Structure formats: structure tokens, C-alpha cells
Amino acid sequence: MAATVAWIGLGGMGTVHNRTLSKTKTLADVGAAVAESIRDLGEAQLVFTISANDASAEQIFGAWLEAATGDQIYVECSTILPETARALAARAAAKGVAYISGPVFGRPDAAAAGQLTGLLAGGTKAARDRIRPLVASYAGAAVLDLGDDPGAANALKLSGKYEFVLFWGVVNAQIELGAEFITLGQKHGVPTKDLLHVHSLICSKIAPAYANRMVSGDFSAEVRRGGFTAELALKDMGHVRQLTRDVECPLPVADIVYGHLLTGKAVEGPGIDWNGAIFAAVQRAAGLPFEFDGSK
552 MAATVAWIGL
562 GGMGTVHNRT
572 LSKTKTLADV
582 GAAVAESIRD
592 LGEAQLVFTI
602 SANDASAEQI
612 FGAWLEAATG
622 DQIYVECSTI
632 LPETARALAA
642 RAAAKGVAYI
652 SGPVFGRPDA
662 AAAGQLTGLL
672 AGGTKAARDR
682 IRPLVASYAG
692 AAVLDLGDDP
702 GAANALKLSG
712 KYEFVLFWGV
722 VNAQIELGAE
732 FITLGQKHGV
742 PTKDLLHVHS
752 LICSKIAPAY
762 ANRMVSGDFS
772 AEVRRGGFTA
782 ELALKDMGHV
792 RQLTRDVECP
802 LPVADIVYGH
812 LLTGKAVEGP
822 GIDWNGAIFA
832 AVQRAAGLPF
842 EFDGSK
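Take this note's numbering: the last position of the sequence shown gets the number 847, and nothing is skipped along the way.
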């Protein structure tokens, strides 16, 4: 008999219960059963969830755990602190639930193509092996097993201990450096096409994609257009900075990035994406014009 799989949260990566039920219509149209509440999923054998921050992850987990029957696997895909993951894992174990941290690397377009990179940590090896085929369905690029510590996947997602593209510290730093590079060149009258060409030669594939969005003026945080909200980026960079404090490892660029994200969001409003927020702060500091009307 096939296991019942539940998915909680339909943000940029998910697309079945969502706290906003209207977002589940697309899945319902292709045969998914929509739960009216999280507690309705208490008997599901395999539960995947992704949400915006630690507080919502804890709220969702707590509501589900009250209805859980035990001998289940709970996969938390959110970008949360390692200590949060470990605390949730301890609560799960007390009720006979295997808690697995399963954050992913990749943009929403990679999720749509099934080409995320997935991380698995916590629970047991048997539990991780059981869900691996399901994770591979959306993490076609790679699925990495990081062992039994549920905090390991979150630490890797936030700080990038290994040389791996698309962890938050490096991506934000690349956006920051790209914004500064373009702005400095513009101040010296360098043509935009030449700036982008040089940028593509000296940087990875990630940075040029964001640089192109900077000069195109596409700063919408809409997921369908590849956006990622400045608010979520602030949360993630806040977690990165906490990790640096925990181990006394200064990351000056992370502090700069956080400040620019905060400034850009405060000035331009919540509709701007992280790329635009950083670019806005750098451009305005240099006395260059920046326009964002929320529709572009």
C-alpha cells in the first residue's frame, strides 16, 4: 500500500495544505486532496513542509504534532536555524516521529524544473533513504545526505561550509559585489553592455543572472518572475549573521548586505525583491537614480 504524502506550505518552492487555502486550487485541479487544517494531516505517513521563517515552522510543526499518530516522517524544508531544527527533532522523537531537515538550494524556476539541490539530515538513515526518491523528484540536481544531526543541513544552507554554489552567504555577496561593480562602472561612464560582458567573464553563472535583472529594472518579488522578497532575504541573512556570532567568525560583507537589504526594503517597500533592494541602496548611496513602481 502506498504511503500517504502530505505537503504543507506553497511558497516559492511548493505548488497539500496551505494556510491560505486559495493557493491550493492548482493542485486540487490535478487530483490532490486539500486539507482544511493542519490537524487533518495527522495520519499522513510522510509530511513535507516549507514556510517563511522559524516562527511559522514551529507553529506548523506544533499543530501537526498534536494530531500525529507516531511512526511517521516529518521533513522540514524551510530555511531555519540549526538550533530550531534540533529542538523540533527532539519534540518529534518524543512522539515517535522521525524529523528530517530537508532544505534546498535553488531558485523557484529550478524548483519548477525539478532541478533543486536537496539536503537531508536527521532522523535515521532508513528514514532518509525512504524519502530520498520523493526528494529527488524536485531535487534533480543532487540530494546530499549529511547524517543524523538535523542541524547540519541548516548550517550548510546558511553558511555554506563546503564549497557549494547557491548558499545564502555567497549569493548575497555576489549580488552585493555585482551591484557595486555596475554602479562604479556607471559612475565612470562605462557602457552597460560592456559591464555585463566583463561581469560574465569573471563571475559564476549566478551573479550575471542577477546583474542582468539589475540593469533590466525587473525588481518584482513575484515568484513567477523569479523574484525572492527582501523580507525573506533579511531573515536568511539574519540567520547567517547569528551563525557568525555563534562561532565568532566575522563576515563583514554579510553585515553590509544586511544593511543594504534593510535600507532597500525600507525605502522601496515590501514588493521589491532582494536583488532590487541591494541595488537600490547602492545606487542611491552613489547619487544615481533608482526607480521601482512595484509592477515591473
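Just so you know, even glycine gets a beta-carbon here, dropped at the ideal spot from N, CA and C. These numbers come from a predicted model, not from an experiment.
- For the pair of segments examined, the segment 726 to 735 was found to touch the segment 823 to 834: the number of CB pairs separated by less than 8 angstroms reaches three.
- For residue 726, the closest of 841, 604, 631 and 808 by C-alpha to C-alpha distance is 808.
- Ranked by Cα distance from residue 810, the first of 772, 792, 800 and 822 is 792.
- Ranked by how close their Cα comes to the Cα of residue 701, the residues 679, 683 and 691 have 679 in first place.
- For the options 692, 615, 769 and 825, the alpha carbon positioned closest to that of residue 591 is the one of 615.
- Less than 8 angstroms divides the Cβ of residue 601 from the Cβ of residue 628.
- Measuring C-alpha to C-alpha distances from residue 818 to each of 798, 843 and 750 identifies 843 as the nearest.
- Among the bridge pairs identified by DSSP, residue 810 is matched with none.
- Pairing residue 826 with residue 783, the inter-Cα distance amounts to about 12 angstroms.
- Within its own chain, the residues whose Cβ lies closer than 8 angstroms to the Cβ of residue 691, once the five positions on either side in sequence are excluded, are 664, 665, 666 and 667, listed in chain order.
- The segment 687 to 771 is shown to contain whole alpha helix (DSSP H) runs of 4 or more residues at 702 to 710, 719 to 738, 743 to 753 and 757 to 767, in chain order.
- Under the three-state reduction of DSSP output, residue 818 falls in the helix class.
- The beta-carbon separation of residue 745 and residue 779, rounded to 28 angstroms, does not stay under the 8 angstroms limit for a contact.
- Judged by beta-carbon spacing, residue 654 lies beyond the 8 angstroms limit of residue 723, meaning their Cβ atoms are not closer than that value.
- For residue 623, the enclosing beta strand (DSSP E) has its first and last residue at 623 to 627.
- Collapsing the DSSP output to three states places residue 601 in coil.
- Taken through DSSP and simplified to helix, strand or coil, residue 666 comes out as strand.
- DSSP, read as helix, strand or coil, puts residue 671 in strand.
- As far as DSSP is concerned, residue 830 takes part in no beta bridge.
- For residue 791, the enclosing alpha helix (DSSP H) begins and ends at 781 to 797.
- Of the other Cβ atoms in all chains shown, fewer than 16 fall within 10 Å of the Cβ of residue 622; this residue is therefore exposed.
- Within the model, the alpha-carbon separation for residue 699 versus residue 624 is close to 14 angstroms.
- Put simply, the backbone Cα of residue 839 is about 33 angstroms away from that of residue 656.
- In this structure residue 560 is buried. Its beta-carbon is surrounded by 16 or more other beta-carbon atoms within 10 angstroms.
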